[in-house]
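The next block holds one structure in the form of structure tokens; read it before the comments.
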Amino acid sequence: MSRRRAHDVTDLPVKKPKFLNKRQREQLKSSSAQPSAPVKPQKPHSSTPHRSVTLPDEKHGAASPVRGDGNAKFKFDWNNDEDTWGDVELIGVPETASNSTAPKTNNWRDKPLSEMTPRDWRIMKEEFHITTKGEVKQPKLIRYWSETELDARLLHRISQLGYTNPTPIQRVAVPIAIAHDDVLGVAATGSGKTLAFSVPLIQYLVTIDSSYLQVEYQRPEDKKQALSVIIAPTRELALQISENITALVDGLGFNVVTLIGGHGYEGNLEAIKKGAHIVVATPGRLVDALERQLIRLDHCYYLILDEADRMVDMGFEPAMTNIVSQLPSEKQLQSTIDTRIFKVTKRTTLMFTATMSPAIERLTQKYLVKPTMITVSAETSTPNIDQHFEFFEEIP
1 MSRRRAHDVT DLPVKKPKFL NKRQREQLKS SSAQPSAPVK PQKPHSSTPH RSVTLPDEKH
61 GAASPVRGDG NAKFKFDWNN DEDTWGDVEL IGVPETASNS TAPKTNNWRD KPLSEMTPRD
121 WRIMKEEFHI TTKGEVKQPK LIRYWSETEL DARLLHRISQ LGYTNPTPIQ RVAVPIAIAH
181 DDVLGVAATG SGKTLAFSVP LIQYLVTIDS SYLQVEYQRP EDKKQALSVI IAPTRELALQ
241 ISENITALVD GLGFNVVTLI GGHGYEGNLE AIKKGAHIVV ATPGRLVDAL ERQLIRLDHC
301 YYLILDEADR MVDMGFEPAM TNIVSQLPSE KQLQSTIDTR IFKVTKRTTL MFTATMSPAI
361 ERLTQKYLVK PTMITVSAET STPNIDQHFE FFEEIP
């Protein structure tokens, strides 16, 4: 019996691969159901390796090399019949995005307040270029006015006056001042400082014992008691502050008294008869009113110094020291029932300045108790100024 010789790999028949499009595959599939013709025997293929392999061009019938000229551009002749994935359903892709469990947003503006993380608060401060420094624990910043615990009437007035979103200085100063902590705010003019100290001041007034305001404070002698004082360096700034606060307290039952030079005391006396809930004054005029006993500071536990750097430059530091010396001390406050009436344990002092100087640091040590220093850089303190230009033709 003869032994059959083992076939070498090179002796096996080799066919050139040919790509079949979708239509051709379907035709091949349908024809496979019919009896197939006998297969012709293939001639043995040469084992000599080829340096290049060419495939027939289905479109033109000419042979083209697999690797063409490196500089030639490949042409994509797309045919709908060659769409091999048209009827294939992708795996793992949901039909709708509603089934996705991924968070919709990571921005602090869109998160519920309860989901804010320490990282979100830090990003928020960095975004508004806010830096704080102080000994006391700092409360969270304000994202929106509606998220604050302000009196509903005050919130309504803020909305009516068109204050939509807090400015950077307001976001950080308001919650600190509402907690009755002292504030040293460093921010440029036009950054919203007036509202930053007006809102916590009004919130303080609405928390005072209503029986005191409705009974004791209605006596003529007690109406001279200033419940809060705002000091500004110039008459123009004092008038501007007075107008803004008057609009905020509209309907809340609080009276604003403005003491500035160039005006007689007759109008001030009439205003004081309605109550000195909020006194806005220049330093010299307030000292004069105190000497004339038109105003008293026995129950004043809220002091605001606006543009303190300008007051120092204008030589008002002695007048400010005189005013602060007439305010009740913390020891005097705690020895009376004022802690129950005004619901405070110490005086709240807010001081705002555009620049820091040795004089401001000295005033901070004299007037403020464990203050929180707030700095808002110039990137976010652009003044809210509307500029209008008119162009005229040159007159010949």
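Here full-length UniProt numbering is used: position 17 in the sequence shown is 17, and no number is missing along the way.
Here a beta-carbon is modelled for each residue, glycine too, at the ideal position from N, C-alpha and C.
Backbone CA spacing between F342 and L213 [nearest angstrom] | By one-based count along the sequence shown, residue 342 stands at place 342. By one-based count along the sequence shown, residue 213 stands at place 213. Approximately 10 Å, taken between the alpha carbons.
Hey, would you say V199 sits closer than 7 Å to V174, going by beta carbons?
-> Numbered from its first residue, the sequence shown carries residue 199 at position 199. Numbered from its first residue, the sequence shown carries residue 174 at position 174. Against a cut-off of 7 Å, the Cβ pair of V174 and V199 comes out as a contact.
How many whole angstroms separate the CB atoms of K223 and I272, which I take to be in contact at a CB cut-off of 8 Å?
-> Taking the first residue of the sequence shown as position 1, residue 223 is located at position 223. Taking the first residue of the sequence shown as position 1, residue 272 is located at position 272. At roughly 6 Å, the Cβ-Cβ gap stays under 8 Å, so K223 and I272 are in contact.
When L269, E291, A226 are compared against I278, the one with the closest alpha-carbon = Locating residue 278 in the sequence shown gives position 278, counting from the first residue. Cα-wise, what sits closest to I278 is A226.
Skipping 5 residues on each side, what residues in its chain have a beta carbon closer than 6 Å to that of Y144?
-> Against the sequence shown, residue 144 aligns to sequence position 144. Close CB contacts of Y144 within its chain, under the 6 Å cut and outside five residues either way in sequence, are absent.
Endpoints, the alpha helix (DSSP H) within which I360 is located = Here the question's residue 360 lines up with position 360 in the sequence shown. Unbroken alpha helix (DSSP H) run through I360: 358–367.
The region 361–371 contacting the region 177–191, beta-carbon criterion three pairs below 8 Å = Under the three-pair Cβ rule at 8 Å, the region 361–371 counts as touching the region 177–191.
Can you list the beta strand (DSSP E) stretches of 3 or more residues lying completely in the region 119–157, in chain order?
-> Counting only unbroken stretches of 3 or more residues, the beta strand (DSSP E) elements lying wholly within the region 119–157 are 130–133, in sequence order.
If we ignore side chains and look at the alpha-carbon of each, how far apart do I208 and R109 end up?
-> Here the question's residue 208 lines up with position 208 in the sequence shown. Here the question's residue 109 lines up with position 109 in the sequence shown. The alpha-carbon atoms of I208 and R109 are separated by roughly 34 Å.
Cα-Cα separation, R292 to L269 = As a working mapping, residue 292 is identified with position 292 in the sequence shown. As a working mapping, residue 269 is identified with position 269 in the sequence shown. Roughly 12 Å between the two C-alpha positions.
Can you round the beta-carbon distance between V376 and I169 to whole angstroms, since I take them to be within the 8 Å contact cut?
-> The residue labelled residue 376 in the question sits at position 376 within the sequence shown. The residue labelled residue 169 in the question sits at position 169 within the sequence shown. Yes, V376 and I169 are in contact; Cβ-Cβ is about 5 Å, under 8 Å.
What separation, rounded to the nearest whole angstrom, lies between the Cα atoms of L303 and L237?
-> Taking the sequence shown and counting its residues from 1, one reaches residue 303 at position 303. Taking the sequence shown and counting its residues from 1, one reaches residue 237 at position 237. Taking the straight line joining both Cα atoms gives about 16 Å.
Assign A319 to one of two classes, buried (16 or more other C-beta atoms within 10 Å of its C-beta) or exposed (fewer than that).
-> If you number the sequence shown from 1, residue 319 lands on position 319. With 16 or more Cβ atoms within 10 Å of its Cβ, A319 is classed as buried.
Quick one: Cα of E147 to Cα of V172, how far?
-> By one-based count along the sequence shown, residue 147 stands at place 147. By one-based count along the sequence shown, residue 172 stands at place 172. Looking at the two C-alpha atoms, the distance is approximately 14 Å.
With a Cβ-Cβ cutoff of 7 Å, do P233 and R310 count as a contact?
-> Walking along the sequence shown from the start, residue 233 turns up at place 233. Walking along the sequence shown from the start, residue 310 turns up at place 310. Cβ distance < 7 Å, so P233 and R310 count as in contact.
Return the Cβ separation of L363 and M351 in integer angstroms, given the expectation that the two are a contact with Cβ distance under 8 Å.
-> Position 363 of the sequence shown, counting from 1, holds the residue named residue 363. Position 351 of the sequence shown, counting from 1, holds the residue named residue 351. That belief holds up - the Cβ atoms of L363 and M351 are roughly 7 Å apart, short of 8 Å.
Distance, N106 Cα to I337 Cα | Here residue 337 corresponds to residue number 337 of the sequence shown, with the count starting at 1. Here residue 106 corresponds to residue number 106 of the sequence shown, with the count starting at 1. Here the C-alpha atom of I337 lies approximately 49 Å from the C-alpha atom of N106.
F352 - partner residues in DSSP beta bridges | What you label residue 352 is simply residue 352 of the sequence shown in a count that begins at 1. Among the bridge pairs identified by DSSP, F352 is matched with G185.
Would E307 be called buried (16 or more neighbouring beta carbons within 10 Å of its own) or exposed?
-> Taking the sequence shown and counting its residues from 1, one reaches residue 307 at position 307. Buried is the call here.
First and last residue of the uninterrupted alpha helix (DSSP H) at Y265 | Counting from one through the sequence shown, the residue named residue 265 turns up at place 265. In the DSSP assignment, Y265 falls within the alpha helix (DSSP H) that extends over 265–272.
Kindly indicate which residue of K22, Q326, I231, I202 has the alpha-carbon position closest to the one of V249.
-> To locate residue 249, count along the sequence shown from 1; it is residue 249. Considering only alpha carbons, the answer is I202.
Can you tell me the Cα-Cα spacing of R347 and S329, whole angstroms?
-> The residue given as residue 347 occupies position 347 in the sequence shown. The residue given as residue 329 occupies position 329 in the sequence shown. If you draw a straight line from the Cα of R347 to the Cα of S329, it is about 8 Å long.
Sequence-distant residues of the same chain with beta carbon closer than 6 Å to S242, five excluded per side | On the sequence shown, position 242 is the one that residue 242 refers to. Only residues of its own chain outside the window of five on either side were considered, and among them V256, T258, V280 have a CB closer than 6 Å to the CB of S242, listed in chain order.
Identify, in the order they occur along the chain, each residue of the same chain with its Cβ nearer than 7 Å to the Cβ of T349, setting aside the five sequence neighbours on each side.
-> Along the sequence shown, read from residue 1 onward, the residue named residue 349 stands at position 349. Within its own chain, the residues whose Cβ lies closer than 7 Å to the Cβ of T349, once the five positions on either side in sequence are excluded, are D182, L303, Y367, L368, listed in chain order.
Pairwise C-alpha distance: I142 and T132 | On the sequence shown, position 132 is the one that residue 132 refers to. On the sequence shown, position 142 is the one that residue 142 refers to. The C-alpha of I142 is placed about 14 Å away from the C-alpha of T132.
Once you ignore the five residues that flank residue 402 on each side, which residues in its own chain have a CB closer than 8 Å to its CB?
-> Since the first and last residues shown for the chain are 1 and 396, residue 402 lies out of range.
Taking 6 Å as the line, does the beta carbon of A289 fall inside it for any heavy atom of the ligand COA?
-> For the structure depicted, the ligand COA is absent and the ligand set is empty, with no information on it obtainable.
Output the distance between the C-alpha atoms of E317 and P112, rounded to the nearest integer angstrom.
-> Here residue 317 is taken as the residue at index 317 of the sequence shown, counted from 1. Here residue 112 is taken as the residue at index 112 of the sequence shown, counted from 1. Going from the Cα of E317 to the Cα of P112 covers about 46 Å.
Run of the beta strand (DSSP E) containing M373, from where it starts to where it stops | For this step, residue 373 is matched to residue 373 along the sequence shown. That run of the beta strand (DSSP E) goes 372–376.
Give a yes or no on whether 7 Å exceeds the smallest Cβ distance from A308 to chain C.
-> Among the chains in the structure shown there is no chain C, since it carries only a single protein chain.
Could you tell me how far apart the beta carbons of Q334 and T345 are, in whole angstroms, since I believe they sit closer than 8 Å?
-> By 1-based counting over the sequence shown, the position of residue 334 is 334. By 1-based counting over the sequence shown, the position of residue 345 is 345. Confirmed, about 7 Å.
Out of A187, L195, D151, V186, state which residue places its alpha-carbon closest to the alpha-carbon of T164.
-> The sequence position of residue 164 within the sequence shown is 164, counting from 1. For the residues A187, L195, D151, V186, the minimum Cα distance to T164 belongs to L195.
Hey, out of L239, F197, S228, A276, whose CA is closest to Q218's CA?
-> Along the sequence shown, read from residue 1 onward, the residue named residue 218 stands at position 218. From the listed residues L239, F197, S228, A276, the smallest Cα separation to Q218 is found for A276.
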